[in-house]
Amino acid sequence: MTLSWGIAATGRIARAVGTVIAAHPDMRVAAVGSRDPQRAQLLATELGAPRWHGSYAALAGDPEVQAVYVATPHAQHAEVVELALAAGRAVLCEKPLTHSLAETERLAGLAVASGVFLMEGMWMRFNPLVQLMQLRVRDGHLGQVRSVHASFGFTAAADPAGRLWNPDLGGGALLDLGVYTVDLARLLLGDPDKVEVTGSLAPTGVDAEESLQLTWANGARALLDTSLVATLPGTAVVIGTKGYAELSPTFHAPTRLRLEVAGAEPEEHLLEDRNAGFVGELEEVARCLADGRSQSDVLPLSETIATMRVLEQARGLLDGHG
Ligand SMILES: NC(=O)c1ccc[n+]([C@@H]2O[C@H](COP(=O)([O-])OP(=O)(O)OC[C@H]3O[C@@H](n4cnc5c(N)ncnc54)[C@H](OP(=O)(O)O)[C@@H]3O)[C@@H](O)[C@H]2O)c1
Numbered sequence: 280m281t282l283s284w285g286i287a288a289t290g291r292i293a294r295a296v297g298t299v300i301a302a303h304p305d306m307r308v309a310a311v312g313s314r315d316p317q318r319a320q321l322l323a324t325e326l327g328a329p330r331w332h333g334s335y336a337a338l339a340g341d342p343e344v345q346a347v348y349v350a351t352p353h354a355q356h357a358e359v360v361e362l363a364l365a366a367g368r369a370v371l372c373e374k375p376l377t378h379s380l381a382e383t384e385r386l387a388g389l390a391v392a393s394g395v396f397l398m399e400g401m402w403m404r405f406n407p408l409v410q411l412m413q414l415r416v417r418d419g420h421l422g423q424v425r426s427v428h429a430s431f432g433f434t435a436a437a438d439p440a441g442r443l444w445n446p447d448l449g450g451g452a453l454l455d456l457g458v459y460t461v462d463l464a465r466l467l468l469g470d471p472d473k474v475e476v477t478g479s480l481a482p483t484g485v486d487a488e489e490s491l492q493l494t495w496a497n498g499a500r501a502l503l504d505t506s507l508v509a510t511l512p513g514t515a516v517v518i519g520t521k522g523y524a525e526l527s528p529t530f531h532a533p534t535r536l537r538l539e540v541a542g543a544e545p546e547e548h549l550l551e552d553r554n555a556g557f558v559g560e561l562e563e564v565a566r567c568l569a570d571g572r573s574q575s576d577v578l579p580l581s582e583t584i585a586t587m588r589v590l591e592q593a594r595g596l597l598d599g600h601g
C-alpha cells in the first residue's frame, strides 16, 4: 500500500525529505503546506504532489493526507503537530520534537490520549550502521562500554534572525546538534546519573557551543562537543573494555563503521547511501501504521522525552540555574 504524506514547511529539510519520499516506491507526497501558498505550490510541483495549501491547518485537514511530516523550526513544531494530531493524521516531526521538556511532554501526552501515531525524526536511530553498532554493544562485542566521544559542529552564518541563532525559533547548538550527541550516548548507556557542561552563549542569548560530560554510576562517561562557531570532526567513538567502534564521517548519518577489538580481525562496514536514516525513519512510520501501532519501538516518545530532559538540564547549567 502507498503511504500518502503531507509536508508541512518548504525549507531545506522539507525539500530533502520530500525528495526521499517522492523517490520511495511505496510512498508519495500527496500535498505540501506552507504559510505561503506560492511556496507550497512550488515545492509541491517539484515533488510531483498534486495538492498544496497556504496553511498548515489546511494541510492537516486534507483527506488525501495520511501522515504529516513536520519540518518547521523547532519552536514552531508543536503548533503543527497539534493540528495534525487533532485531525487524526500520523505525525513524523523533525528533531528535536519541541524546544522544551514541558512542550515535549505535553505533545507526547496529546498523542497518547488521542491514540494517533507520533515520532520524532531522529533519523540517526534508523541508520543501519548505528543499528549494527548498537547490536554489537548489546551482544558484548566491545566489552563493557566505558566511554562515548562524539562531536557535531560547524560555523553557522551569523544571522541573528535565522533559526540557529533566534531564540524565538528555538535556536542554539544544544537543540540543533546536541540532540544527536546526547541521544547517541543515551542509546548506548541509558540515562546519565550526572550532567556537567562548559560553554558559551551567543549575543542573541542562545547557546553557541559547549562540551558536555555525562557520567553513569558504573564509571562510564560520554564526552560530547557541539558548536555553531567551529567545525568539529563529527565522528563518534565508542570505547569498551575489549575494543572500540568508530562511526564516520558523521556519526548521525554514518557511511562507515569500524570495529577494532582485541584478538579479533578489524571489521569495516560501509553504506552507500548517506540518506539511509531518512528512508529508515519513513519506513518505520509506514510499518507502525500498517501494524496499528501509535508509537515506534525503535524511538518511543519516552526516549525523545529522556533525551530532551538531558538537553534542558545542560542548558539550565549553562545559564547558571541547573
Ligand atoms: N534531520 C535532519 O538532518 C535535519 C536537518 C536540518 C534540519 N532539521 C530540522 O528540521 C527543522 C527545519 O530545519 P530547516 O533547516 O529545514 O529550516 P529552514 O530551511 O529555515 O526551513 C524552515 C521552514 O519552516 C517554515 N516556517 C514556519 N514557521 C516559521 C518561522 N516562524 N520562521 C521561519 N520559518 C518558518 C518555513 O516554511 P513555510 O513558511 O514555507 O511553511 C521555512 O521554510 C528544524 O527543526 C531542524 O532541527 C533536521
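Residue numbers (the working numbering): 280 to 601. All C-beta atoms in this analysis are idealised placements derived from N, C-alpha and C, irrespective of residue type, glycine included. Given the structure is predicted, the values throughout are model-derived calculations rather than measurements.
Handout entry: CA nearest to the CA of V517, picked from L380, A585, M280 and L468
Key = L468
Exercise for the section: With distances taken Cα to Cα, identify the nearest neighbour of V344 among A481, V485 and W284. Expected result: Nearest option by C-alpha distance: W284.
Practice task
Kindly indicate which three-state DSSP category V540 falls into: helix, strand or coil?
Solution key: strand
Practice task
For M280, count neighbouring Cβ atoms within 10 angstroms of its own Cβ and tell me buried if that reaches 16, exposed if not.
Solution key: exposed
Handout entry: Whole-angstrom C-beta distance between L386 and L371, which should lie under 8 Å
Key = Actually they do not touch by this definition, with Cβ atoms about 13 Å apart.
Problem - Local Cβ density within 10 Å of V589, reported as buried at 16 or more and exposed below that - result: buried
Problem - Option in G595, L597, R291 and R425 with minimal Cα separation from G441 - result: R291
Practice task
Using 10 angstroms around the beta-carbon of P471, count the other beta-carbons present and answer buried if the total reaches 16, otherwise exposed.
Solution key: buried
Problem - Check: G400 C-beta below 7 Å from any heavy atom of ligand 1 - result: yes
Practice task
Please confirm if the region 491-509 is in contact with the region 430-447, defined as three or more CB-CB distances below 8 Å between the two stretches.
Solution key: yes
Exercise for the section: Assign H356 to one of three DSSP states: helix, strand, or coil. Expected result: H356: helix per DSSP, three-state reduction.
Problem - Check: K473 C-beta below 7 Å from any heavy atom of ligand 1 - result: no
Practice task
Examine the Cβ distances between the region 566-579 and the region 387-399 and report whether three or more of them are shorter than 8 Å.
Solution key: yes
Problem - Among R307, R314 and L491, the one whose alpha carbon lies nearest that of A346 - result: R307
Practice task
Examine ligand 1 and report whether any of its heavy atoms sits within less than 7 Å of the Cβ of P439.
Solution key: Not under cutoff, so the answer is no.
Exercise for the section: Please name the residue, chosen from L453, P439 and R425, that lies closest to T483 on a Cα-to-Cα basis. Expected result: P439
Exercise for the section: Kindly provide the chain-ordered list of residues whose Cβ lies closer than 6 Å to any non-hydrogen atom of ligand 1. Expected result: A288, T289, G290, R291, I292, A293, S313, R314, D315, R318, A350, T351, P352, H353, Q355, E373, K374, G400, W402, R442, L448 and D455
Practice task
Label T434 either buried or exposed according to how many other C-beta atoms from any shown protein chain fall within 10 Å of its C-beta, with 16 as the threshold for buried.
Solution key: exposed
Handout entry: C-alpha gap between A328 and V416, whole angstroms
Key = 42 Å
Problem - For S581, the three-state DSSP class (helix, strand or coil) - result: Correct three-state label for S581: helix.
Exercise for the section: Could you tell me if P533 is buried or exposed, where buried requires 16 or more neighbouring beta carbons within 10 angstroms of its beta carbon? Expected result: The residue in question, P533, is buried, as its Cβ has 16 or more Cβ neighbours within 10 Å.
Practice task
Could you please give the first and the last residue of the uninterrupted alpha helix (DSSP H) stretch that includes G432?
Solution key: G432 -> not in any alpha helix (DSSP H); beta strand (DSSP E) instead, spanning V424 to G432.
Problem - Distance, R425 Cα to G498 Cα - result: 7 Å
Practice task
For S581, count neighbouring C-beta atoms within 10 Å of its own C-beta (all shown protein chains included) and say buried if the count is 16 or more, exposed if not.
Solution key: It counts as exposed.
Problem - Whole-angstrom C-beta distance between R404 and T586, which should lie under 8 Å - result: Actually they are not in contact, since the Cβ atoms of T586 and R404 sit about 10 Å apart, beyond 8 Å.
Exercise for the section: Evaluate contact between the region 290-305 and the region 323-337, counting only Cβ atoms and requiring at least three cross-stretch pairs below 8 Å. Expected result: yes
Exercise for the section: Tell whether a beta-carbon distance below 8 Å holds between L448 and H353. Expected result: yes
Practice task
Would you mind reading off the limits of the beta strand (DSSP E) that contains D486?
Solution key: Where D486 is concerned, the enclosing beta strand (DSSP E) starts and stops at D486 to T494.
Exercise for the section: Could you check what DSSP says for M412 in three-state terms: helix, strand or coil? Expected result: DSSP places M412 in helix when its eight states are reduced to three.
Problem - Cα-Cα separation between Y523 and F431, rounded to whole angstroms - result: 19 Å
Handout entry: Rounded straight-line distance, which links the Cα of G422 to that of H378
Key = Approximately 36 Å, taken between the alpha carbons.
Exercise for the section: Return helix, strand or coil for D305, following the three-state DSSP convention. Expected result: Residue state, collapsed to three classes: coil.
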